[in-house]
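Take a look at the structure below.
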Amino acid sequence: TNKLPEAIKVCREVLASLGVKFPKMGLKAATVAELLKTKKLLRGRSIDSLHDLPNMEDESKRMAMAMMDVLADCAFFVCPDLYPLPILRMLRYSIKYGVCSYATYAFASYAVVQTSILGDPKAGYEFGRLIAIMERTRARDLEAKTLLCIHSFIDHWLCNQHLSMQPLLNAHRIGMVTGKVE
């Protein structure tokens, strides 16, 4: 049976206990609001400055990032209007509180938003470069889905598509090794 709606409910409850709340209704309007907050926070920041963000030290913030990651994964399949909300919040958390392993997926997902929704493939490609943070944060368990985002949805806008094949195969191999193939 499909347990994803139940998982979303549990994620919402755990996140609420950590002070992170997401609306249940009006998700599209909430997404626009979150996107505007994110763009405002990013205003005046270079991609290079984001590379230099400190590591996230607060354990409760890292736990919230982990739960938002799970929420995004579940929402992607059963509640797509909810999906961008935790991604955008994770991105802002990373800027405000520092980066952890979950930041790389948030940066990669925001690169997809920049490219496919906002129609700015150059900005998406630049954000995609932030996957270099994976080395610093040891994000091995998130590497496959992060690389999939970049090499499936970003690179082909500015690079020859056949150049993405080897990185995609590498992402698949990493997913098989880590067991993260969702």
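All residue numbers for the sequence shown refer to our numbering, where the first residue is -7 and numbers rise by one. All C-beta atoms, glycine included, are put in the ideal place defined by N, C-alpha and C. The structure presented is a predicted model; accordingly, all values stated were derived computationally and were not measured.
Using 8 Å as the threshold, is the region -5 to 2 in touch with the region 38 to 55, meaning 3 or more CB pairs across them? No: fewer than three Cβ pairs fall under 8 Å.
Give the DSSP bridge partners of residue 202, in chain order. Limits of the chain in this structure are -7 at one end and 174 at the other, which puts residue 202 out of reach.
Residue range of the alpha helix (DSSP H) that residue 133 falls in? Translated into positions along the sequence shown, residue 133 becomes position 141. In this chain, residue 133 is not harboured by any alpha helix (DSSP H), its DSSP state being neither H nor E.
Span separating the alpha-carbon of residue 86 from that of residue 154: As a first step, residue 86 is located in the sequence shown; it is residue number 94 there, counting from the start. As a first step, residue 154 is located in the sequence shown; it is residue number 162 there, counting from the start. Computed Cα separation, rounded: 32 Å.
Can you have a look at residue 9 and say buried or exposed, based on whether 16 or more other CB atoms are within 10 angstroms of its CB? Residue mapping note: residue 9 aligns to position 17 of the sequence shown, counting from 1. Residue 9 should be labelled exposed.
Measuring only the C-alpha atoms, how far is residue 73 from residue 56? For the purposes of this step, residue 73 is taken as residue 81 along the sequence shown, with counting starting at 1. For the purposes of this step, residue 56 is taken as residue 64 along the sequence shown, with counting starting at 1. So the two alpha carbons sit approximately 20 Å from each other.
With three or more C-beta pairs closer than 8 Å as the rule, is the region 79 to 95 touching the region 30 to 50? At 8 Å Cβ cutoff, the stretches touch.
In the structure shown, what three-state DSSP assignment does residue 31 receive? One-based indexing of the sequence shown puts residue 31 at position 39. Residue 31: helix per DSSP, three-state reduction.
C-beta contact flag for residue 77 and residue 30 at 8 Å: By 1-based counting over the sequence shown, the position of residue 77 is 85. By 1-based counting over the sequence shown, the position of residue 30 is 38. No, Cβ-Cβ distance for residue 77 and residue 30 is not below 8 Å.
Near residue -1, which residues of its chain fall below 6 Å by C-beta distance, leaving aside the five closest residues on each side in sequence? Taking the sequence shown and counting its residues from 1, the one referred to as residue -1 is at position 7. These residues qualify, in order along the chain: 66.
With a threshold of 16 other CB atoms inside 10 Å of the CB of residue 116, please say whether the residue is buried or exposed. As a working mapping, residue 116 is identified with position 124 in the sequence shown. Burial call: buried.
With respect to the alpha helix (DSSP H) encompassing residue 6, which residues constitute its N-terminal and C-terminal limits? Counted from its first residue, the sequence shown places residue 6 at position 14. Per DSSP, residue 6 belongs to the alpha helix (DSSP H) from -4 to 9.
Which residue's Cα is closest to the Cα of residue 93: 1, 111, 59, 34? Translated into positions along the sequence shown, residue 93 becomes position 101. Of the candidates 1, 111, 59, 34, the one whose C-alpha sits nearest the C-alpha of residue 93 is 59.
Span separating the alpha-carbon of residue 75 from that of residue 124: For the purposes of this step, residue 75 is taken as the residue at position 83 of the sequence shown. For the purposes of this step, residue 124 is taken as the residue at position 132 of the sequence shown. A direct Cα-Cα distance of roughly 24 Å separates residue 75 from residue 124.
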